Amino acid sequence: MANDSKPTITLVVGAEALLVERAIDHVVKSARKADPETERRDLDATDAGIVGLIESACSPTLFGGGAVVVVSKLESADEQTVAALIAAATDPPVGVEVVAVHAGGARGKKLLDRLNQVAANRVECLEIKKGRGIADFVAAEMRGLNRTMAPQAQAILIAAVGSDVRALA
Numbered sequence: 019m020a021n022d023s024k025p026t027i028t029l030v031v032g033a034e035a036l037l038v039e040r041a042i043d044h045v046v047k048s049a050r051k052a053d054p055e056t057e058r059r060d061l062d063a064t065d066a067g068i069v070g071l072i073e074s075a076c077s078p079t080l081f082g083g084g085a086v087v088v089v090s091k092l093e094s095a096d097e098q099t100v101a102a103l104i105a106a107a108t109d110p111p112v113g114v115e116v117v118a119v120h121a122g123g124a125r126g127k128k129l130l131d132r133l134n135q136v137a138a139n140r141v142e143c144l145e146i147k148k149g150r151g152i153a154d155f156v157a158a159e160m161r162g163l164n165r166t167m168a169p170q171a172q173a174i175l176i177a178a179v180g181s182d183v184r185a186l187a
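Last residue of the sequence shown: 187 in my numbering, with the numbers rising by one and none dropped.
Below, the structure written as structure tokens:
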């Protein structure tokens, strides 16, 4: 049974692994709010037979239930893969959402532009630069926790932990 809504592609663009994971987790959690039985299906756009895997992963299951299909490494995908992804997400079964992950940059830019045209959402996960970028990240993490941190405390934390955003988070 097809869904009559817009395509359900969430496009995640960027190379900051922690932010990419958070964006995917957000989509999965949202889908599981609507249907706790929603499963996550991970695909790699560079795998052999990926077009068939996309079609299979986006198909309804015998027992029903939703799915979030995460397709990574789209910067290395070919046109057939992107076409299959767009086709699957344009008329998905009820409860199926697609997360397309592209590392950003110039590689696969033409395909990224095609996905941009049909994506329902786009999440930027740009690499966090050392220095001011790390300090801004720490401040944003604290705001997310409804807390504040003095600049001196931020500097001490960054000096102790380093610039690994995963460790800082």
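Even for Gly, the Cβ is constructed at its ideal location relative to N, Cα and C. It should be emphasised that the depicted structure is a prediction, and the values quoted were computed from it without experimental measurement.
Here's a check: name, in chain order, each residue in its chain whose Cβ is nearer than 8 Å to the Cβ of Gly-123, leaving out the five neighbours to either side. Within the sequence shown, residue 123 is the residue found at index 105, counting from 1. Non-local beta-carbon contacts of Gly-123 in its own chain, meaning distances under 8 Å to residues more than five positions away in sequence, involve Ala-33, Glu-93 in chain order.
According to DSSP, is Leu-29 helix, strand or coil? Position 11 of the sequence shown, counted from the first residue, corresponds to residue 29. Reduced to three states, the DSSP call for Leu-29 is strand.
If you draw a straight line from the alpha carbon of Thr-28 to that of Val-117, how long is it in whole angstroms? The residue labelled residue 28 in the question sits at position 10 within the sequence shown. The residue labelled residue 117 in the question sits at position 99 within the sequence shown. Straight-line measurement puts the Cα of Val-117 at about 5 Å from the Cα of Thr-28.
How long is the line joining the alpha carbons of Ser-77 and Ser-181, rounded to whole angstroms? Position 59 of the sequence shown holds residue 77. Position 163 of the sequence shown holds residue 181. Here the alpha carbon of Ser-77 sits roughly 42 Å from the alpha carbon of Ser-181.
Under 9 Å between C-beta atoms of Ala-153 and Ala-177: Counting from 1 along the sequence shown, the entry for residue 153 is found at position 135. Counting from 1 along the sequence shown, the entry for residue 177 is found at position 159. Their beta carbons are not under 9 Å apart, which means Ala-153 does not touch Ala-177 by this criterion.
Determine the direct distance from the alpha carbon of Thr-26 to that of Asn-134, and round the result to whole angstroms. The residue given as residue 134 occupies position 116 in the sequence shown. The residue given as residue 26 occupies position 8 in the sequence shown. The straight-line gap separating the alpha-carbon atoms of Asn-134 and Thr-26 is approximately 12 Å.
Name the residue from Gln-98, Lys-51, Arg-59 whose alpha carbon lies nearest to the alpha carbon of Ala-66. In the sequence shown, counting from the first residue as 1, residue 66 sits at position 48. Nearest neighbour of Ala-66 by Cα position, chosen from Gln-98, Lys-51, Arg-59, turns out to be Gln-98.
Ala-121 and Glu-73 closer than 9 Å at C-beta: Taking the first residue of the sequence shown as 1, we reach residue 121 at position 103. Taking the first residue of the sequence shown as 1, we reach residue 73 at position 55. Result no, Cβ atoms of Ala-121 and Glu-73 do not sit closer than 9 Å.
On a CA-only basis, which of Gly-162, Leu-61, Ala-157, Gly-70 is nearest Gln-170? Give me that one, please. For the purposes of this step, residue 170 is identified with residue 152 of the sequence shown, where counting begins at 1. By alpha-carbon distance to Gln-170, the top candidate from Gly-162, Leu-61, Ala-157, Gly-70 is Ala-157.
In whole angstroms, give me the CA-to-CA distance for Val-69 and Met-167. Counting from 1 along the sequence shown, the entry for residue 69 is found at position 51. Counting from 1 along the sequence shown, the entry for residue 167 is found at position 149. For the pair Val-69 and Met-167, the Cα-to-Cα distance works out to about 48 Å.
Buried or exposed: where does Phe-81 fall if 16 or more other Cβ atoms within 10 Å of its Cβ makes it buried? Here the question's residue 81 lines up with position 63 in the sequence shown. Looking at its Cβ environment, which holds fewer than 16 other Cβ atoms inside 10 Å, Phe-81 is exposed.
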